[in-house]
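Undergrad:
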Amino acid sequence: MNLYRSHTCGELTAKDASKIVKLSGWIYRRRDHGGVIFIDLRDNYGVTQVVFHPESGIIDQVSSLGLESVITVEGEVLKRDDAQINPNMITGEIEISVNNLEVQSNVESLPWSVIDDSIPEELRLRDRVLDLRTEGQHEMMKFRSNVIRTMRNTMWDMDINEFQTPLLTSSSPEGARDFLVPSRIHPGKFYALPQAPQQFKQMLMVAGFDKYFQVAPCFRDEDPRADRHPGEFYQLDAEFSFVTQEEVFKIGEKLMTETFNKHTPEGAIVDQGPFRQIAYKESMLKYACDKPDLRNPIEIFDISKVWLDSEFAVFKSIVEQGGVVRAIPAKGAGEQPRSWFDKLGKFAQKQLRMPAAPGYIVKNEDGTFKGPLVKFLRQEQVEAIFAKAGLTETNDTIFLVAGQEKHVLQPLSVLRNKIAEDLNLFEENTFRFAWIVDFPMYEEEDGKIDFSHNPFSKPQGGMDDLLNKDPEDILAQQYDCVCNGYEIASGSIRNADIPSMFKAFEIAGYKKEEVEENFSGMLKTFRLGVPPHGGFAFGIERIIMIMKNESNIRRVITFPLNGRAQCLLTGAPLKANEAQMNELHIRHFNLPEEALD
RNA sequence: GGGGAUGUAGCUCAGUUUUGGUUAGAGUGUCGGCCUGUCACGCCGAAGGUCGCGGGUUCAAGUCCCGUCAUUCCCGCCA
């Protein structure tokens, strides 16, 4: 017998009756009847009812202990009378009649109750340990642990090596803001925390390891979102040599299906590979975003041209000036009350900052149409639009959004999901995957050409594309994996050809010397013989959020930062003292007033 | 940097608009008492409030106005 326990609080049942046992755990609940006291004792594994009788002589001691105190009890396992069995507990057939109590740690007062599930997040973060004891949060972290175990095992089963890569490394000029770490040994110089192990995993391929993965911490100094933890997060990062895009997809599909099949609820529908592949361009048209939620059956389509042959000056001039009109088909939406349409219009203007509420056309029972825009089109034009949408029933509706393409995409995407949600069109308990492929290599903003994704991706046509195509027309062997409206992975087949790498950077405005300097490590190794290679990185937190249907990423992180990137437990970030600053050769300047106190 | 929502007892929330008006309520938790079979135990009693903060309007502000802070969601940002 262990010093503290012979069993856990989740394992004793009727078959253990009359055993003498020792249990340790936290006081979860107490029911004091004056003469007899019941305590629900909780540990990581479960809850067991322990009973104190007056004859034990420790009643007074027990009633003075605070909830969440840690105790060790010793006693006999008693089978309960039939009337006293609690069918809701695994250990509900028995209880422990205690004759010996040892207090490991007494709790004077609790800031809030572990049983209460309506505690605000600020307190949960401040008292995170208490929060991690609550049933929901405790199970969540065990769930995360199990998911990562499955992912690791799946990778190992495919004979993929697990390696670690440096955390103190160099800044990469592309991408998000870096976290910098001042060097003591090299005054004035800084390490950067990796935004991803990108360069190192490629170097592992050059080193001949063939297949690699790791559960990698990634650091990006960006503002948070509900699905984006500020500062740091984890990726299941992987890279493979001598592979094609399709072979990388197979590995990713195996990883996802194994993980989701094992950890989603009974009866869930999980896409089994091969996953759908959707070209970036197609995705932007049909779903108005590059991470579509495919549980939503609505597909947007373009109806720009019809307005050139109409009397509606607003849409006509938008299209004439290169803008677009897009249609969102909404099956049966005409059954909704007028107030629903009004509310949707207000939402669009207020939340999505659309200049006007989206127009709509509803099909009447007699085959005519109604809505503010109907009078501008001929009957056969409207009929053609509905035919294109495949809408044939009374009350079927089409919403219209017009404007320059870059302005309408975001509102379209949000409206597509909101309409489907309001109309209850989403598939339930379903996990829909897709690969978004054929991303453009470059994008133009304010006349400047920049990489639209990863500068290390291979242009689909190689050097030939780089030399002969308009940069905006060059596609990359770059792909994302999306699930239920989240981007859960990103990857590419890398550009392993040194001349075309320089050319690719040149198009984005980087001089040869800059590239040599910033990627010296990687370039040097590439000159030593680089295999064709490619890979992916899956966002672990997002995968867990999706499986648990959680909307906030902090729920799946043991010790998350708050929305302002502060740790309420440790106070991080904190000021450095003078001695530390001196040693690191750094000094403050230009601090805002509020930082000076 | 910008926009929306929220802020009342330790915690969850009602009261705030329509209509500014006596002592701001409930549940839960806490504390005290009672209770030998409960399992979210029960019963009796008590304590607990700068209505986020500051200013303004008014005879009178939790309620109206302005500002500000905090939390959160979104936009920007996220190769």
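Residue 484 in the numbering used here sits at position 358 of the first sequence, with consecutive numbering throughout.
Idealized CB from N, CA, C, for every residue including glycine.
Quick one: measure Cβ to Cβ for I614 and G665, integer angstroms, because I've assumed they're closer than 8 Å.
TA: Your numbering for residue 614 matches position 488 in the first sequence. Your numbering for residue 665 matches position 539 in the first sequence. That pair is a contact at about 6 Å.
Undergrad: Would you say R620 and F582 are within 8 Å of each other, going by their C-beta atoms?
TA: Position 494 of the first sequence, counted from the start, is the residue given in the question as residue 620. Position 456 of the first sequence, counted from the start, is the residue given in the question as residue 582. It is a contact, given that the beta carbons lie within the stated cut-off.
Undergrad: Am I right that E373 and L330 are in contact with their C-beta atoms under 8 Å? What's the rounded C-beta distance?
TA: As a working mapping, residue 373 is identified with position 247 in the first sequence. As a working mapping, residue 330 is identified with position 204 in the first sequence. That pair is no contact at about 18 Å.
Undergrad: In whole angstroms, give me the CA-to-CA distance for N272 and L695.
TA: Numbered from its first residue, the first sequence carries residue 272 at position 146. Numbered from its first residue, the first sequence carries residue 695 at position 569. Looking at the two C-alpha atoms, the distance is approximately 26 Å.
Undergrad: Can you find the residues in the same chain that come closer than 7 Å, C-beta to C-beta, to E425, ignoring five residues on each side of it along the sequence?
TA: Numbered from its first residue, the first sequence carries residue 425 at position 299. Once the five neighbours on either side are set aside, the close Cβ partners of E425 are K412.
Undergrad: Below 8 Å between beta carbons: does that hold for G378 and C607?
TA: Looking up residue 378 in the first sequence gives position 252. Looking up residue 607 in the first sequence gives position 481. Yes; because the gap between Cβ atoms is below 8 Å, this pair is in contact.
Undergrad: If you draw a straight line from the C-alpha of F512 to the C-alpha of I524, how long is it?
TA: Taking the first sequence and counting its residues from 1, the one referred to as residue 512 is at position 386. Taking the first sequence and counting its residues from 1, the one referred to as residue 524 is at position 398. Taking the straight line joining both Cα atoms gives about 8 Å.
Undergrad: Which residues does DSSP list as the beta-bridge partners of G660?
TA: For the purposes of this step, residue 660 is taken as the residue at position 534 of the first sequence. F366 and I619, per the DSSP bridge assignment.
Undergrad: Going along the chain, which residues of its own chain have a beta-carbon closer than 7 Å to the beta-carbon of I245, five neighbours each way excluded?
TA: The residue labelled residue 245 in the question sits at position 119 within the first sequence. Correct list, in chain order: W238.
Undergrad: Taking Cβ positions, are F345 and D363 nearer each other than 8 Å?
TA: As a first step, residue 345 is located in the first sequence; it is residue number 219 there, counting from the start. As a first step, residue 363 is located in the first sequence; it is residue number 237 there, counting from the start. No, Cβ-Cβ distance for F345 and D363 is not below 8 Å.
Undergrad: Helix, strand or coil, according to DSSP, for S162 in the structure here?
TA: Here residue 162 refers to the residue found at position 36 when the first sequence is read from its first residue. Note on identity: in this sequence residue 162 is Val, with Ser being the wrong assignment. Residue state, collapsed to three classes: coil.
Undergrad: What does the alpha-carbon distance come out to for the pair A474 and L541?
TA: Counted from its first residue, the first sequence places residue 474 at position 348. Counted from its first residue, the first sequence places residue 541 at position 415. Those two C-alpha atoms are separated by around 8 Å.
Undergrad: Across which residues does DSSP place E379 in a beta bridge pair?
TA: As a working note, residue 379 is residue 253 in the first sequence. According to DSSP, E379 bridges with nothing at all.
Undergrad: Please state whether the Cβ-Cβ distance between P418 and S409 is less than 8 Å.
TA: Counting from 1 along the first sequence, the entry for residue 418 is found at position 292. Counting from 1 along the first sequence, the entry for residue 409 is found at position 283. Their beta carbons are under 8 Å apart, which means P418 touches S409 by this criterion.
Undergrad: Provide the residue span of the beta strand (DSSP E) that contains L526, from first to last.
TA: For the purposes of this step, residue 526 is taken as residue 400 along the first sequence, with counting starting at 1. That run of the beta strand (DSSP E) goes T523 to G529.
Undergrad: Just grab the DSSP bridge partners of D304 for me.
TA: Here residue 304 corresponds to residue number 178 of the first sequence, with the count starting at 1. DSSP lists no partner for D304.
Undergrad: For the alpha helix (DSSP H) holding Q706, just list the boundary residues, first then last.
TA: Mapped onto the first sequence, residue 706 falls at position 580. E704 to E709 is the span of the alpha helix (DSSP H), which, as asked, contains Q706.
Undergrad: Tell me the start and end of each unbroken alpha helix (DSSP H) in the region 244-321 that is at least 4 residues and wholly inside, in chain order.
TA: Those alpha helix (DSSP H) runs which fall completely within the region 244-321 and span 4+ residues are 247-252, 254-259 and 261-283.
Undergrad: Within its chain, find whatever has a CB closer than 6 Å to the CB of F502; leave out the 5 residues flanking it on each side and keep chain order.
TA: Taking the first residue of the first sequence as position 1, residue 502 is located at position 376. Counting only Cβ-Cβ distances below 6 Å, and skipping sequence neighbours, we find S436, E437 and F438.
Undergrad: Between P350 and G689, how many whole angstroms is the CB-CB distance? I'm expecting something under 8 Å.
TA: As a first step, residue 350 must be located in the first sequence, where it is residue number 224. As a first step, residue 689 must be located in the first sequence, where it is residue number 563. About 6 Å separates the two Cβ atoms, so the contact holds.
Undergrad: Grab the span of the beta strand (DSSP E) containing V188 for me, first residue to last.
TA: If you number the first sequence from 1, residue 188 lands on position 62. First-last for V188: I185 to S189, but that is the alpha helix (DSSP H), not the beta strand (DSSP E).
Undergrad: Look at the alpha carbon of F565 and the alpha carbon of Q371, and state the distance between them as a whole number of angstroms.
TA: What you label residue 565 is simply residue 439 of the first sequence in a count that begins at 1. What you label residue 371 is simply residue 245 of the first sequence in a count that begins at 1. Roughly 13 Å between the two C-alpha positions.
Undergrad: Please name the residue, chosen from L293, S231, I185 and A394, that lies closest to K674 on a Cα-to-Cα basis.
TA: Walking along the first sequence from the start, residue 674 turns up at place 548. If we check each option's Cα against that of K674, A394 comes out closest.
Undergrad: To which residues of the same chain is N287 closer than 7 Å at the C-beta, ignoring the five residues directly before and after it?
TA: As a position in the first sequence, residue 287 is number 161, starting the count at 1. So the list reads F335, K337 and Y338, once near-sequence residues are dropped.
Undergrad: By alpha-carbon positions, which one of I575, P597, I679 and H579 ends up nearest to Y612?
TA: Indexing the first sequence from 1 puts residue 612 at position 486. For Y612, the nearest C-alpha among the options comes from I679.
Undergrad: Rounding to the nearest angstrom, what Cα-Cα distance links T556 and I404 in this structure?
TA: What you label residue 556 is simply residue 430 of the first sequence in a count that begins at 1. What you label residue 404 is simply residue 278 of the first sequence in a count that begins at 1. So the two alpha carbons sit approximately 19 Å from each other.
Undergrad: If you check the beta carbons only, do M589 and K629 fall under 8 Å apart?
TA: Residue mapping note: residue 589 aligns to position 463 of the first sequence, counting from 1. Residue mapping note: residue 629 aligns to position 503 of the first sequence, counting from 1. Yes, the Cβ-Cβ distance between M589 and K629 is below 8 Å.
Undergrad: Please state whether the Cβ-Cβ distance between P356 and L687 is less than 8 Å.
TA: Position 230 of the first sequence, counted from the start, is the residue given in the question as residue 356. Position 561 of the first sequence, counted from the start, is the residue given in the question as residue 687. Yes, the pair counts as a contact, with Cβ atoms nearer than the cut-off.
Undergrad: I'd like to confirm the pairing. Which residues does DSSP put opposite N226 in its beta bridges?
TA: Taking the first residue of the first sequence as position 1, residue 226 is located at position 100. For N226, which the question treats as bridged, DSSP gives the partners E200.
Undergrad: Using the beta-carbon count (16 or more within 10 Å), is Y406 buried or exposed?
TA: The residue given as residue 406 occupies position 280 in the first sequence. Flag for Y406 reads buried.
Undergrad: I believe P585 touches S626 by the beta-carbon criterion, under 8 Å. Please report the beta-carbon distance rounded to the nearest angstrom.
TA: As a first step, residue 585 must be located in the first sequence, where it is residue number 459. As a first step, residue 626 must be located in the first sequence, where it is residue number 500. P585 to S626, Cβ: 7 Å. Contact.
Undergrad: State whether the region 194-210 contacts the region 136-147, with contact taken as three or more CB pairs (one from each stretch) at a distance under 8 Å.
TA: These segments touch.
Undergrad: Are the beta-carbon atoms of I153 and I165 separated by less than 8 Å?
TA: The residue given as residue 153 occupies position 27 in the first sequence. The residue given as residue 165 occupies position 39 in the first sequence. Yes.
Undergrad: Pop quiz: T383 and V369 are said to be a contact at Cβ under 8 Å. What is the actual Cβ separation, rounded to whole angstroms?
TA: By 1-based counting over the first sequence, the position of residue 383 is 257. By 1-based counting over the first sequence, the position of residue 369 is 243. About 19 Å separates the two Cβ atoms, so there is no contact after all.
Undergrad: Compare the Cα-Cα distances from G301 to each of H312, I454 and D347 and report the closest residue.
TA: For the purposes of this step, residue 301 is taken as residue 175 along the first sequence, with counting starting at 1. The residue with the shortest Cα to Cα distance from G301 is D347.
Undergrad: Give me, in chain order, the residues of the same chain whose beta-carbon lies closer than 7 Å to that of M266; leave out the 5 immediate sequence neighbours on both sides.
TA: For this step, residue 266 is matched to residue 140 along the first sequence. Excluding sequence neighbours, M266 sits near K674, R681 and V682.
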